[in-house]
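Worksheet for the structure shown next.
Number of protein chains: 2
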Amino acid sequence: MINSRRQFLRNISLAATSVAIAGEVFGAPHKENVRVKESAGGKGLKLGVAGYSFVHFNLEESLKMMKRMDIHYLCIKDFHLPYDSSDEQIKIFHETLAQSNVKGYAVGPIYMKSNPEIDRAFEYAKRVGVDLIVGIPEPDVLPYVAEKCKEYNIRYGIHNHGPEDKLYPNASVIYNYIKNLDSRMGMCFDMGHNMRDQHDPIKDLIRYKDRIFDLHLKNVTMAEAKGTTCELGRGVIDIPAFVKALNKIKYSGVCSLEFEKDMKDPLAGIAESAGYFKGVTAAQGIQVL
Amino acid sequence: MINSRRQFLRNISLAATSVAIAGEVFGAPHKENVRVKESAGGKGLKLGVAGYSFVHFNLEESLKMMKRMDIHYLCIKDFHLPYDSSDEQIKIFHETLAQSNVKGYAVGPIYMKSNPEIDRAFEYAKRVGVDLIVGIPEPDVLPYVAEKCKEYNIRYGIHNHGPEDKLYPNASVIYNYIKNLDSRMGMCFDMGHNMRDQHDPIKDLIRYKDRIFDLHLKNVTMAEAKGTTCELGRGVIDIPAFVKALNKIKYSGVCSLEFEKDMKDPLAGIAESAGYFKGVTAAQGIQVL
Chain A
8 MINSRRQFLR
18 NISLAATSVA
28 IAGEVFGAPH
38 KENVRVKESA
48 GGKGLKLGVA
58 GYSFVHFNLE
68 ESLKMMKRMD
78 IHYLCIKDFH
88 LPYDSSDEQI
98 KIFHETLAQS
108 NVKGYAVGPI
118 YMKSNPEIDR
128 AFEYAKRVGV
138 DLIVGIPEPD
148 VLPYVAEKCK
158 EYNIRYGIHN
168 HGPEDKLYPN
178 ASVIYNYIKN
188 LDSRMGMCFD
198 MGHNMRDQHD
208 PIKDLIRYKD
218 RIFDLHLKNV
228 TMAEAKGTTC
238 ELGRGVIDIP
248 AFVKALNKIK
258 YSGVCSLEFE
268 KDMKDPLAGI
278 AESAGYFKGV
288 TAAQGIQVL
Chain B
8 MINSRRQFLR
18 NISLAATSVA
28 IAGEVFGAPH
38 KENVRVKESA
48 GGKGLKLGVA
58 GYSFVHFNLE
68 ESLKMMKRMD
78 IHYLCIKDFH
88 LPYDSSDEQI
98 KIFHETLAQS
108 NVKGYAVGPI
118 YMKSNPEIDR
128 AFEYAKRVGV
138 DLIVGIPEPD
148 VLPYVAEKCK
158 EYNIRYGIHN
168 HGPEDKLYPN
178 ASVIYNYIKN
188 LDSRMGMCFD
198 MGHNMRDQHD
208 PIKDLIRYKD
218 RIFDLHLKNV
228 TMAEAKGTTC
238 ELGRGVIDIP
248 AFVKALNKIK
258 YSGVCSLEFE
268 KDMKDPLAGI
278 AESAGYFKGV
288 TAAQGIQVL
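So the protein sequences, as listed, match chains A and B. Quick note: the first sequence uses this note's numbering, first residue 8, plus one each step. Quick note: the second sequence uses this note's numbering, first residue 8, plus one each step.
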């Protein structure tokens, strides 16, 4: 069991890690350590990390950073849990997260262009045990995605990627595609890319609140295409106003930090951003879960 | 000039650093990069770092961290600028700080037991060009310290160090020593150690506001002796309330993060703490300088 677990974790690692570290992190799960709270929706805001922030780090390294930053929600990327993982591997993955008090709450972003790719994504999400997929589907497969949402009772959040994104540059474009589809069709709202496309993240958050299932929490240096991700308190988006709006709409999804700066050495920037979010919420009397 | 500068900086380094890094950091000063704002006192709060947070790092490494965290005030420790530094070395030191948009605003903490040690500290502060010394003097030399404050027109902030400190466990003890001395005699208020000694940091901040010249900004895990420093948002002190009080009293000193946790790898913890402070202030509409 221990050997197969280690072998699996080694396989999904992007970088080699020592057995010493693996031994420290991947003991038997201690249930008493798991204190992730399930509820939000007006009772607080969930802070998480979008798995892509850790693109250069294996799961052990990523969880070590999350534990250090006291963050408890992770959107699962396939480089941490491949699509073809067995049920046993998925079980081990969740146990490993629980060891660091982390819950994998969704999968993605996943690009999907054809029906078989959509089938695979929903089957993967079901086996992983999450009720949310973050995806980038070709527009012509959207009706099929909506069918699958209904069939699996799994929500689907389309990700907007800014002015360079020919499909989904901002939240409004996504909304227009999905407004007449199943209510489980929504978006993973990337507030930074929305701002880069010169769309107001606060107005759009309120406007599309019923269809925003996930959030890429970030700030950007400029409200234009050449703006780039920066630490949460250093950009052009008014974060205290944004957080106030999140609380007002009783946002119940996760606020997942996606930090696309210093990606090979992201800890300081994510930690500063997490601290900023926690400071803003604390000053507004909002609990962070 | 370049060689002597490098030699000096090498001499004051605690750890060996590469010429490549030195070359990157210590070019000719670009005045246009220096954007430290001098004013506070109701216009905002100055965020800094207490030099002791970097006890395991040389000046180059410390400034690299400060630059990354966008923090502009440093309380100077002697391991970064020795007491016997020449005027030329002090000049280079300040130029080096300016390169990273950092201002050395005070010196210390400095322990001093005798009149010659006090003389040396004031002479050092004068040559460094700061108007504030953070110190731990023996109580019987306090009248002599007060004389020196008057002679040099330099303020003196006594540091409180918690229940283990036989001399100055909390702010009230310091206040009772200095209340009848020259008004330039005050304190470097360590809010964490004050809390560990079970004295309310917010009440004491307001109570002794006229004598608080410097602040060790921190939080602690417990309001008792065995409490330890933790990230600013994770401890028992209500930081939003403390920041509100700082703003209310128009605190014009520096809020210097002293992070006594993970001291050999402090960047993530200081960054999270700086982020938290900036988040709290932003949510309260207070500018950080």
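The beta carbon of each residue, even a glycine, is placed where N, CA and C say it ideally should be. Computed from a predicted model, the values in this text were never measured in an experiment.
Can you list the residues of chain B that residue i reaches, using a CB-CB cut of under 9 angstroms?
| i | result |
| --- | --- |
| residue 290 of chain A | 246, 247, 250, 251, 286, 287, 288, 289, 290 and 291 |
Answer with yes or no whether the minimum CB distance from residue i to chain B is below 8 angstroms.
| i | result |
| --- | --- |
| residue 171 of chain A | no |
| residue 3 of chain A | This structure leaves residue 3 of chain A out entirely; chain A is present only between 8 and 296. |
| residue 73 of chain A | no |
| residue 270 of chain A | no |
| residue 46 of chain A | In this predicted model, residue 46 of chain A has a pLDDT of only 41, less than 50, meaning its place in the structure is not dependable; the value taken from the coordinates is given anyway. Chain B, which has no Cβ nearer than 8 angstroms to the Cβ of residue 46 of chain A, makes this no. |
Applying a beta-carbon distance threshold of less than 7 angstroms, which residues of chain A neighbour residue i?
| i | result |
| --- | --- |
| residue 52 of chain B | Neighbours of residue 52 of chain B on chain A: none; closest Cβ ~13 angstroms, over 7 angstroms. |
| residue 280 of chain B | 282 |
| residue 274 of chain B | 275 |
Under 7 angstroms Cβ to Cβ from residue i, same chain only, skipping five residues before and after it: list those, please.
| i | result |
| --- | --- |
| residue 156 of chain B | 162, 163, 189, 191 and 192 |
| residue 184 of chain B | 146 and 149 |
| residue 76 of chain A | 277, 278 and 281 |
| residue 30 of chain A | With a pLDDT of 30 at residue 30 of chain A, under the threshold of 50, the modelled position of that residue is not reliable, and the figure given next carries that caveat. Counting only Cβ-Cβ distances below 7 angstroms, and skipping sequence neighbours, we find nothing. |
| residue 213 of chain B | 252 and 256 |
Run down chain B in chain order and give the residues with a C-beta less than 7 angstroms from the C-beta of residue i.
| i | result |
| --- | --- |
| residue 214 of chain A | Residues of chain B passing the Cβ test: none, with the nearest at roughly 23 angstroms. |
Near residue i, which residues of its chain fall below 8 angstroms by C-beta distance, leaving aside the five closest residues on each side in sequence?
| i | result |
| --- | --- |
| residue 176 of chain B | 167, 168, 169, 170, 200 and 204 |
| residue 125 of chain B | 119, 144, 148, 151, 152 and 155 |
| residue 324 of chain B | The requested residue 324 of chain B is not part of the displayed model; chain B covers only 8 to 296. |
| residue 140 of chain B | 113, 114, 115, 117, 128, 129, 132, 161, 162, 163 and 164 |
| residue 247 of chain B | 287, 290 and 291 |
| residue 50 of chain B | 294 and 296 |
Where does residue i sit, in a helix, a strand or coil, going by DSSP?
| i | result |
| --- | --- |
| residue 193 of chain A | strand |
| residue 63 of chain B | coil |
| residue 42 of chain B | Note that residue 42 of chain B scores a pLDDT of 39, beneath 50, so its modelled location is shaky; the value from the coordinates is reported in the next line. Looking at residue 42 of chain B - three-state DSSP - the assignment turns out to be coil, as it is neither helix nor strand. |
| residue 295 of chain B | strand |
| residue 169 of chain B | coil |
| residue 162 of chain B | strand |
| residue 36 of chain A | Residue confidence for residue 36 of chain A is low, a pLDDT of 32 falling below 50, so the modelled location carries little weight and cannot support an answer. |
| residue 103 of chain B | helix |
| residue 282 of chain A | helix |
| residue 236 of chain B | strand |
| residue 229 of chain B | coil |
| residue 206 of chain B | coil |
| residue 251 of chain B | helix |
| residue 256 of chain A | coil |
| residue 186 of chain B | coil |
| residue 50 of chain A | coil |
| residue 270 of chain B | coil |
| residue 1 of chain A | The requested residue 1 of chain A is not part of the displayed model; chain A covers only 8 to 296. |
| residue 91 of chain A | coil |
| residue 176 of chain A | coil |
| residue 287 of chain B | helix |
Beta-carbon of residue i versus every beta-carbon of chain A: anything under 8 angstroms?
| i | result |
| --- | --- |
| residue 229 of chain B | no |
| residue 76 of chain B | yes |
Determine the chain B residues that contact residue i at a beta-carbon separation under 8 angstroms, and present them in chain order.
| i | result |
| --- | --- |
| residue 240 of chain A | 282, 285, 286 and 289 |
What residues in its chain sit with their C-beta under 6 angstroms from that of residue i, if we drop five residues either side in the sequence?
| i | result |
| --- | --- |
| residue 104 of chain B | 111 |
| residue 235 of chain A | 228 |
| residue 72 of chain B | 274 |
| residue 244 of chain B | 202, 208 and 226 |
| residue 276 of chain A | 238, 266, 268 and 269 |
| residue 198 of chain B | 208 |
| residue 100 of chain B | 88 |
Give the DSSP bridge partners of residue i, in chain order.
| i | result |
| --- | --- |
| residue 114 of chain A | A:83 and A:140 |
| residue 221 of chain A | A:195 |
| residue 57 of chain B | B:82 |
| residue 263 of chain B | B:55 and B:223 |
| residue 119 of chain A | A:144 |
If you measure from the beta carbon of residue i to each beta carbon in chain E, is any gap under 8 angstroms?
| i | result |
| --- | --- |
| residue 253 of chain A | The structure shown contains no chain E; its protein chains are A and B. |
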